[in-house]
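The structure appears right after this line, and notes come after that.
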Amino acid sequence: MTAGALLLVAAAVFSIGLFGVLARRHAIGVLVSIELMFNAVNLAVAAIAWSRGLVAGVVLVLFGIAITVAEIAIGLALVLLAARVRKTSVLDDLDTLRG
Amino acid sequence: MIPALVTLCGPLAAFALIGLLPPLRRAGRPAALLSIAGIAVAALASGIQAVPYFRGVAAPATYEFLWAPLTGAPSIRFGLLVDGLSASMAALVALIALLVQVYSLAYMASEKPASLGRYYAYQAFFAFAMLGLVLSHNLLQTYVFWEMVGLGSYLLIGFFWERPEAGRAALKAFWTTRLGDVGFALGILVLWGAAGTFTFTELFAKVGGGAVAGSALSLGLAGITLGAMGKSAQFPFHVWLPDAMEGPTPVSALIHAATMVAAGVYLMVRVAPLLSHAPELMSAIFAIGVLTAFLAATMALVESDIKRVLAFSTVSQLGFMMAAVGSGGAGAAYFHLLTHAFFKALLFLTAGSLIHAVGSNDLFKMGRLARAMPVTAACFAAGALALAGIVPTAGFFSKDEILASVLAGGHPLGFALLVLTAGITAFYIGRAFFLAMLGSHDAEGHAHESPAAMTAPMAVLAVLALVGGALAPSIPRLFAGTIAPPAFEPETAPVFVPILGTLAALSGLALSWLAYQRRSFDPGAVRRAVGPVATLLERRYFVDDAFELVYRRAYLGLSSVVGWFDRYVVDGLVNAATWMTWLVAGRLRGMQNGRVQDALYAVAAGLVLLAWLALGR
Chain A
574 MTAGALLLVA
584 AAVFSIGLFG
594 VLARRHAIGV
604 LVSIELMFNA
614 VNLAVAAIAW
624 SRGLVAGVVL
634 VLFGIAITVA
644 EIAIGLALVL
654 LAARVRKTSV
664 LDDLDTLRG
Chain B
615 MIPALVTLCG
625 PLAAFALIGL
635 LPPLRRAGRP
645 AALLSIAGIA
655 VAALASGIQA
665 VPYFRGVAAP
675 ATYEFLWAPL
685 TGAPSIRFGL
695 LVDGLSASMA
705 ALVALIALLV
715 QVYSLAYMAS
725 EKPASLGRYY
735 AYQAFFAFAM
745 LGLVLSHNLL
755 QTYVFWEMVG
765 LGSYLLIGFF
775 WERPEAGRAA
785 LKAFWTTRLG
795 DVGFALGILV
805 LWGAAGTFTF
815 TELFAKVGGG
825 AVAGSALSLG
835 LAGITLGAMG
845 KSAQFPFHVW
855 LPDAMEGPTP
865 VSALIHAATM
875 VAAGVYLMVR
885 VAPLLSHAPE
895 LMSAIFAIGV
905 LTAFLAATMA
915 LVESDIKRVL
925 AFSTVSQLGF
935 MMAAVGSGGA
945 GAAYFHLLTH
955 AFFKALLFLT
965 AGSLIHAVGS
975 NDLFKMGRLA
985 RAMPVTAACF
995 AAGALALAGI
1005 VPTAGFFSKD
1015 EILASVLAGG
1025 HPLGFALLVL
1035 TAGITAFYIG
1045 RAFFLAMLGS
1055 HDAEGHAHES
1065 PAAMTAPMAV
1075 LAVLALVGGA
1085 LAPSIPRLFA
1095 GTIAPPAFEP
1105 ETAPVFVPIL
1115 GTLAALSGLA
1125 LSWLAYQRRS
1135 FDPGAVRRAV
1145 GPVATLLERR
1155 YFVDDAFELV
1165 YRRAYLGLSS
1175 VVGWFDRYVV
1185 DGLVNAATWM
1195 TWLVAGRLRG
1205 MQNGRVQDAL
1215 YAVAAGLVLL
1225 AWLALGR
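Order-wise, the sequence lines are chains A and B.
Its first residue numbered 574, the first sequence is counted upward by one per residue in our numbering.
Its first residue numbered 615, the second sequence is counted upward by one per residue in our numbering.
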């Protein structure tokens, strides 16, 4: 398997994630899609680091995964809070910022 | 130089103390006494200072310090100039101010203490400003004090601020004189631009050396003349002076007879050495002076308010002085300024005494007051004789000099008109005297002689009005002691000049005696016979109406057009911009639907667009 094929897979996963972020109606689904996009980026970084033999790239990926975990914890907390206060987790109903 | 500083500091210190210490001001009488003490010091100092100049044994002296040092332009200096002209004028101003302030002590006795204190604060301020104006050694400083004098006049005319007429008269006086002062300011700047100096001494030297272009000199002097016309109430700026009679009568005596209105003539006499370089301007000044003298005298004929008769008389006499300046007789003008200050201040003070007794300004409500008020009547008679120019009073000598200088200046027509005006002058002052003092019926109220504080200043002025003619030989000596001594040739006036003047005065007095004392003919019938002319005089030649028309129609009309333009075009543009913003915003706000994913679509689309722009092309 070449780095090019790995990048193609990463692009595909990123696109699937982007589609999910834009199209899912439920906040949990959007969060999951965001995870997909993150991991696509991680995959791309890892693939390039592997093909060039750079250890630093692998370390960067590990950092990225750790930050993703922290971020998703905050995201889930926000979604739970929104569900408790606004009685909904559907994004189309959370439109208080409209002009 | 010390006396000049003391002269200035006396009233200034009094004003500062009264102004800065409210308890003193509210106490009234102590403030009055302090102000009188200040002006007495000034009168003493300026008198001592003036004596050598009257004797002709003193040279001009200048004292100056740097006010605003400038590089690349002439520095502005603050200075005092003491010469024959300013020393004698300062002595006159301080003397009249002292007499008027003493007189006011009794005249204003019924005022509340607080307003008495306010009155004396204004008086001290005015005295300081007027003395500063007289002693200024440059045009810029003159202008500063000139405006301070105008402010003092404004405050004192509007002293009885409870009366709306007083407030209006104060504003009218201020704005009318300001109109001339615009010309004054421009004139100073033009002269500065041409000669590069404000100082009289340097200005005279540069003009004498031919270093100043004739056109710029004429223009600058014309501006200064405008300022003098405004202050000295020359036609058509005379409209403010009759209205200024709303102020207390002592104020009229000081400001609107002896000092401030004479400041215009004083300034013209001061710059007279320059005027000879602008002959056209001199002709214009002469014409304005003669016109003012004649028109104002005729307006005094039909006035029934004693103070306004005197106000028109002042305008007329100032016209005489301007005519003298215009015909090249600055010395005659200045002589008449001095004697006029004596007899006109005297007439105003006696008028104040009459008003004090009768409680009215109306001549027709007075009558047979001579019996109850002998001192006032005698003083009024002295002033009237001096104003009419009867031998040997002060007015005779100075008016004679003016007539002689006008004739020597080559203006036979103006001479004839001034002689006629002298006759009219004698008639209207005789009319006032006979109506108020003798007449056929008793005055209203209980007339009584005024207290000594009022009669004593009147008596001093009466003596001066009677013997002031003795100053005549001093005038050439005073002028020889100025910074620009004129080449004086003793004028030998034709002998018919004093005879004509005296004849005119006597016939005027006789006519008024026939009309108002003997009742040989009915003045009312004369008035009816010349109906339109009398109406013209009573409406004051419609000059006030013309001013009002210009103001109401032209000025306010223009204002309303400009106002409409501002309201609907300038403001309209701004409002239209606001309205457009609201309209567009109303449409665009729909884009912000508050949905996160729609915003993210836009972000994604933007990213794709940027990527396409960066890579795809």
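The C-beta atom is built at its ideal place from N, Cα and C for all residues, glycine as well.
Q. Quick one: does Tyr1169 (chain B) have its CB under 8 Å from some CB of chain A?
A. no
Q: Please state whether DSSP places Ser829 (chain B) in a helix, a strand or coil.
A: helix
(Q) Would Phe1093 (chain B) and Gly698 (chain B) qualify as a contact pair, given that the criterion is a beta-carbon distance under 8 Å? (A) yes
Q. Using a C-beta cutoff of 8 Å, does Val618 (chain A) count as contacting chain B?
A. no
Q. Expressed to the nearest angstrom, what Euclidean distance is found between the alpha-carbon atoms of Arg597 (chain A) and Ala1213 (chain B)?
A. 14 Å
Q | Residues that Thr575 (chain A) contacts on chain B, provided the C-beta gap is smaller than 8 Å | A | Within chain B, no residue comes near Thr575 (chain A); the closest Cβ sits about 22 Å away, beyond 8 Å.
Q: Please list, in chain order, all residues of the same chain as Met1068 (chain B) whose beta carbon is under 8 Å from its beta carbon, the five residues on each side excluded.
A: Tyr717, Ala720, Tyr721, Leu963, Gly966, Ser967, His970
(Q) Output needed in chain order: residues of the stretch 621-647 of chain A with a Cβ under 7 Å from some Cβ in chain B. (A) none
Q | As assigned by DSSP and simplified to three states, the class of Leu1092 (chain B) | A | helix
Q. Going along the chain, which residues of its own chain have a beta-carbon closer than 8 Å to the beta-carbon of Leu633 (chain A), five neighbours each way excluded?
A. Val618, Ala622
Q. What whole-angstrom Cβ distance do Leu753 (chain B) and Ala877 (chain B) have, given they're in contact under 8 Å?
A. In fact, because the Cβ distance is near 13 Å, the residues do not count as touching under 8 Å.
(Q) Which same chain residues end up closer than 6 Å to Lys882 (chain B) when comparing Cβ atoms and leaving out the 5 residues on each side of it in sequence? (A) Note that residue 882 (chain B) corresponds to Met in the displayed sequence, not to Lys. Ala842, Val939.
Q.
Which of the three DSSP states is assigned to His891 (chain B) in this structure?
A. coil
Q: Kindly confirm or deny that the stretch 1125-1134 of chain B and the stretch 1037-1054 of chain B touch, where touching means at least three C-beta pairs closer than 8 Å.
A: yes
Q | Strand pairing of Asp1136 (chain B), partner residues [DSSP] | A | Per DSSP, none; premise fails for Asp1136 (chain B).
(Q) Taking 8 Å as the threshold (beta carbon to beta carbon), is Leu664 (chain A) in contact with chain B? (A) yes
Q: With DSSP collapsed to three states, give me the class of Asp919 (chain B).
A: strand
Q: With Arg884 (chain B) as the anchor, note down where its alpha helix (DSSP H) starts and where it stops.
A: 874-884
Q: Anything in the stretch 579-595 of chain A with a Cβ closer than 8 Å to a Cβ of chain B? List those residues in chain order, please.
A: Leu591, Val594, Leu595
Q | Outcome for Trp1295 (chain B) when other beta-carbon atoms lying within 10 angstroms are tallied against a minimum of 16 | A | Any property of residue 1295 (chain B) remains undetermined from this structure, which presents chain B solely from 615 to 1231.
(Q) Quick check: what's the CA-CA separation for Ser832 (chain B) versus Ile802 (chain B)? (A) 12 Å
Q. Going by C-alpha distance, which of B:Leu889, B:Ser1126, B:Leu1223, B:Leu855 is nearest Met874 (chain B)?
A. B:Leu855
Q) What in chain B is Cβ-close to Arg671 (chain A), meaning under 7 Å? A) Gln1206, Asn1207, Gly1208
(Q) Does the CB of Ala1289 (chain B) have a neighbour CB from chain A at under 8 Å? (A) Absent from the structure is residue 1289 (chain B), since the part of chain B shown begins at 615 and ends at 1231.
Q. Buried or exposed: Ala1191 (chain B), going by 16 or more other Cβ atoms within 10 Å of its Cβ?
A. exposed
Q) Near Tyr768 (chain B), which residues of its chain fall below 7 Å by C-beta distance, leaving aside the five closest residues on each side in sequence? A) Ala784, Ala787, Phe788
Q: Take the Cβ of Val1264 (chain B) as the centre, count every other Cβ of all protein chains shown within 10 Å, and call the residue buried at 16 or more, exposed below.
A: Residue 1264 (chain B) cannot be examined here, being either before or after the span of chain B that is shown, 615 to 1231.
**Q.** Other residues of its chain near Pro1112 (chain B): CB distance less than 6 Å, five sequence neighbours each side excluded
**A.** Asp1014
Q: With a cut-off of 8 Å on the beta carbons, I'd call Ala959 (chain B) and Ile710 (chain B) a contact; round off their distance for me.
A: 5 Å
Q. Does the beta-carbon distance from Thr1039 (chain B) to Ala911 (chain B) come in below 8 Å?
A. yes
Q) Any idea what DSSP makes of His1238 (chain B), helix, strand or coil? A) Residue coverage of chain B in this structure runs from 615 to 1231, which leaves residue 1238 (chain B) outside it and unanswerable.
Q: For Leu1214 (chain B), return the contacting residues in chain A, with the cut-off set at a CB-CB distance below 7 Å.
A: Val594, Leu595
Q: Determine the chain A residues that contact Ala1190 (chain B) at a beta-carbon separation under 7 Å, and present them in chain order.
A: By Cβ distance, chain A contributes nothing, its closest Cβ being about 24 Å from Ala1190 (chain B), past 7 Å.
Q: May I ask you to list the residues that DSSP assigns as paired with Asn752 (chain B)?
A: B:Thr813
Q. Of all Cβ atoms in chain A, is any one closer than 8 Å to the Cβ of Ala1219 (chain B)?
A. no
Q. With distances taken between CB atoms, is the gap from Val594 (chain A) to Val582 (chain A) smaller than 8 Å?
A. no
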